Amino acid sequence: MKMTFLKAAAVALSTLVSVPAAQAADLEKMTYLYPAPDFLPAFTPFQVARTKGYYEAEGLDVNWVIGKGGADVAKQVAVGNAELGGGIGDTPIIVRANGLPVKGVLLMGGKALTQMVIRSDSGATDVKSLKGKKVGVIAYQDTTYYNLMAALAANGMTKDDVDIQAVGAGGMVQLMISGDLDAISGTPDWAASIEGAGVKVGILPINDMFPAMAQAVLTSEDTIKNKPEVVRGFVQATLHGLKDVMTDPEGSAKLLAESIPQYAGKEAFLLEVMNRYNTLVYAVDDMSTLGTFDEARMEAVAKFYLDAGLVASVEPAADYFSNDFVTAD
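Numbered according to mature numbering (1 follows the signal peptide of the UniProt record, and there is no 0), the sequence shown spans residues -24 to -1, 1 to 305.
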């Protein structure tokens, strides 16, 4: 991905919302750490919320920073370098086992964020047939890597059975299109981009292999204790953006296509991505439960990670999350 594109995207998103100087002075400053470049379609609910000024409406002046994968983001949040950050619902299981007191405070969907996306011409049709083939992840500290480990374990395999390559966010799509990767542990927007380039793929939801979770907003126990209103405001603004995408994907696609220069003329693509997320990730049985963590599911995921040897210890499931900030006072 060309650097000019990355710079343009960052500038575009940083200038979407403006508020009067006097009003801005009254906003609470905070930092949110993305696990990957913030203009990626995976972060559409945040982009919609930013474009519509939802964070300012909650009294927040957000400094948006790019991290290096969900696990690394969780570490930065734990040590206080950011109030909140992004990962997957599973992420606290990984990092709390390493002594980092991080919790999930918003779960952005009822299904897993990641899917196994496999090139049809690779000869592989399922996870077991990926043995010996090249599989891409963003980074070895990204929670999608851990999801891949769990998907392999669910099929009686280990990381030694495949050639795992950490290729960064841009490489996930580019190297699949070029044929340098046979598969990725990826997201719906990457699958849409790969198919849009004319490459046929098979999509296997990791959700069907073990109870992984969707994208999540993470924070530390210290921030929950000392800045609860910041956490609540950020959660409410993001949840508002997520609901907008779910209930009005056409309007959300149009909004971003008109607001962000590099999405100009790509409204159809954005709509396709949003529809995929609505089906594969965001779907919940009851909109009133949107955003909340399920204790039984968290317990099942933690047990799976422990049994598979991906973590050395687990805690009570309720320690990994808080649903207190999803429902407004």
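Quick reminder that beta carbons are idealized off the backbone N, C-alpha and C, glycines included.
Note that the coordinates shown come from a computational prediction; the quantities given were computed from them, not determined experimentally.
Segment contact flag, the region 139 to 152 with the region 110 to 117, C-beta cutoff 8 Å, min 3 pairs
yes
Cβ separation of threonine 67 and threonine 20, assumed to be a contact under 8 Å, to the nearest whole Å:
Not confirmed; about 20 Å, so no contact.
Lysine 104 (DSSP reduced to helix, strand or coil):
helix
Please report the distance separating the alpha-carbon of glutamate 59 from that of glutamine 117.
20 Å
Which full runs of the beta strand (DSSP E) of 3+ residues lie inside the region 146 to 201, going along the chain?
159 to 162, 177 to 181, 191 to 196
Would you report the Cα separation of serine 169 and valine 149, rounded to the nearest angstrom?
7 Å
How is alanine 142 classed by DSSP in three states: helix, strand or coil?
strand
CA-CA distance, proline 204 and serine 161?
34 Å
DSSP three-state call for aspartate 295: helix, strand or coil?
helix
Output the distance between the C-alpha atoms of glutamate 271 and glycine 80, rounded to the nearest integer angstrom.
12 Å
Check whether proline 17 and alanine 145 have beta carbons under 8 Å apart:
no
What distance in whole Å lies between the Cβ atoms of asparagine 299 and phenylalanine 269, which are believed to be in contact at a cut-off of 8 Å?
6 Å
Inspect the beta-carbon positions of threonine 214 and valine 207 and report whether they are closer than 8 Å.
no
If you drop the 5 nearest sequence neighbours on each side, which residues of the same chain put their C-beta closer than 8 Å to that of tryptophan 166?
Val93, Met148, Val149, Met152, Ile160
For the alpha helix (DSSP H) that glycine 209 lies in, which residues bound it at each end?
204 to 223
In chain order, what residues of the same chain lie with their CB nearer than 7 Å to the CB of residue 322, ignoring the 5 residues before and after it?
In the structure as shown, the chain begins at -24 and stops at 305. Residue 322 is therefore absent and cannot be evaluated.
Below 8 Å, how does it come out for the region 42 to 59 and the region 119 to 137: are there three or more Cβ pairs, yes or no?
yes
Short Cβ contact (8 Å threshold) for alanine 88 with isoleucine 182:
yes
Name the residue from Asn39, Gly99, Gly227 whose alpha carbon lies nearest to the alpha carbon of lysine 176.
Gly99
Is glycine 45 closer than 8 Å to leucine 194 when the C-beta atoms are compared?
no
Could you check whether methionine 250 and serine 228 sit closer than 8 Å to each other, using their CB atoms as the reference points?
yes
Relative to the alpha-carbon of asparagine 39, which residue among Ile179, Thr101, Val287, Phe210 has its alpha-carbon at the smallest distance?
Phe210
Taking Cβ to Cβ, would you say valine 55 is nearer than 8 Å to aspartate 220?
no
Beta-carbon separation of valine 257 and proline 164 under 8 Å?
yes
Within its chain, find whatever has a CB closer than 7 Å to the CB of glutamate 291; leave out the 5 residues flanking it on each side and keep chain order.
Arg72
Whole angstroms is fine: what's the gap from alanine 129's alpha carbon to glutamine 238's?
39 Å
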